[in-house]
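K.L.:
Residue numbering for the sequence shown follows UniProt numbering, starting at 1 and increasing by one per position.
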Amino acid sequence: MSDCVFCGIVAGDVPAFRVADEPAGVAFLDTRPVFKGHVLVVPRTHLITLTDLPVDELADYFGLVQRLARAVEAGLGAGGTFVAMNNKVSQSVPHLHTHVVPRTKGDGLRGFFWPRTRYADDAEATSYAERIRAAL
1 MSDCVFCGIV
11 AGDVPAFRVA
21 DEPAGVAFLD
31 TRPVFKGHVL
41 VVPRTHLITL
51 TDLPVDELAD
61 YFGLVQRLAR
71 AVEAGLGAGG
81 TFVAMNNKVS
91 QSVPHLHTHV
101 VPRTKGDGLR
111 GFFWPRTRYA
121 DDAEATSYAE
131 RIRAAL
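(1) Residue range of the alpha helix (DSSP H) that residue 101 falls in?
(2) For the alpha helix (DSSP H) holding residue 69, just list the boundary residues, first then last.
(3) For residue 20, which beta-bridge partners are listed by DSSP?
(4) To the nearest whole angstrom, what separates the beta carbons of residue 20 and residue 136, a pair I think is in contact under 8 Å?
(5) In whole angstroms, give me the CA-to-CA distance for residue 134 and residue 105.
(6) Tell me which residues share the same chain as residue 71 and place their Cβ nearer than 6 Å to its Cβ, disregarding the 5 neighbours each side in the sequence.
(7) For the alpha helix (DSSP H) that contains residue 120, what are its first and last residues?
(8) Give the single residue among 23, 22, 24 and 30 whose Cα lies nearest to the Cα of residue 15.
(9) Per DSSP, which residues does residue 42 bridge with? Please list them.
(10) In this structure, does DSSP put residue 49 in helix, strand or coil?
(11) Report the CB separation of residue 78 from residue 103 in whole angstroms; it is logged as a contact under 8 Å.
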């Protein structure tokens with residue numbers, strides 16, 4: 001879709017700090033991360049919710065999400081990850097996307113009231129993207 005920012009990222013028309021670009025989907029840093037290293041994973045096709053994802057694409061898509069969860073943990077030295085997806089309600093971009101958020105014990109994340117932060121600059125964001133990409 002021409003007006004979908006995630007479709008623009010997939011197409012390469014909208015800049016993003018990519019950490020993966022595969023047939024199953026594209027992964028990139030969230031511009032307003034819960035914690036630095038917060039990745040969004042999107043399918044290449046414009047789909048709005050999880051229920052729109054064809055059954056024959058589930059294994060490849062969630063295989064990519066699973067590998068990114070492992071990479072975020074290993075690449076950033078995180079204690080674990082929080083993996084989540086909104087469908088319609090609280091879905092800020094109407095394109096299916098899965099959040100992979102690095103977690104550490106005592107990081108302050110409580111329930112669904114997520115604090116947001118920003119990268120200091122593009123160099124810092126690039127560093128996070130490279131570390132995750134290297135761990136893939």
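Just so it is clear, CB atoms sit at the ideal spot from N, CA and C, and this is done for glycine as well. Predicted model only: the values in this text are computed from it and were never measured.
P.N.:
Taking the coordinates as given:
(1) Start at 1 with the first residue of the sequence shown, and residue 101 comes out as number 101. Premise fails: residue 101 lies in the beta strand (DSSP E), 98–103, not in any alpha helix (DSSP H).
(2) Taking the first residue of the sequence shown as position 1, residue 69 is located at position 69. Per DSSP, residue 69 belongs to the alpha helix (DSSP H) from 55–76.
(3) As a working note, residue 20 is residue 20 in the sequence shown. Paired residue(s): 27.
(4) Counting from 1 along the sequence shown, the entry for residue 20 is found at position 20. Counting from 1 along the sequence shown, the entry for residue 136 is found at position 136. Approximately 6 Å separates the beta-carbon atoms of residue 20 and residue 136; this is inside 8 Å, confirming the contact.
(5) Within the sequence shown, numbered from 1, the residue matching residue 134 stands at position 134. Within the sequence shown, numbered from 1, the residue matching residue 105 stands at position 105. If I take the Cα positions, the gap works out to 24 Å.
(6) Translated into positions along the sequence shown, residue 71 becomes position 71. Cβ within range, chain order: 132, 135 and 136.
(7) In the sequence shown, residue 120 corresponds to position 120, counting from 1. Bounds of any alpha helix (DSSP H) do not take in residue 120, whose DSSP letter is neither H nor E.
(8) Looking up residue 15 in the sequence shown gives position 15. Answer by Cα proximity: 30.
(9) As a first step, residue 42 is located in the sequence shown; it is residue number 42 there, counting from the start. Looking at the DSSP assignment, residue 42 forms a beta bridge with 26.
(10) Numbered from its first residue, the sequence shown carries residue 49 at position 49. It is coil, neither helix nor strand.
(11) Here the question's residue 78 lines up with position 78 in the sequence shown. Here the question's residue 103 lines up with position 103 in the sequence shown. Going by Cβ atoms, the distance from residue 78 to residue 103 rounds to 6 Å, so yes, they are a contact pair.
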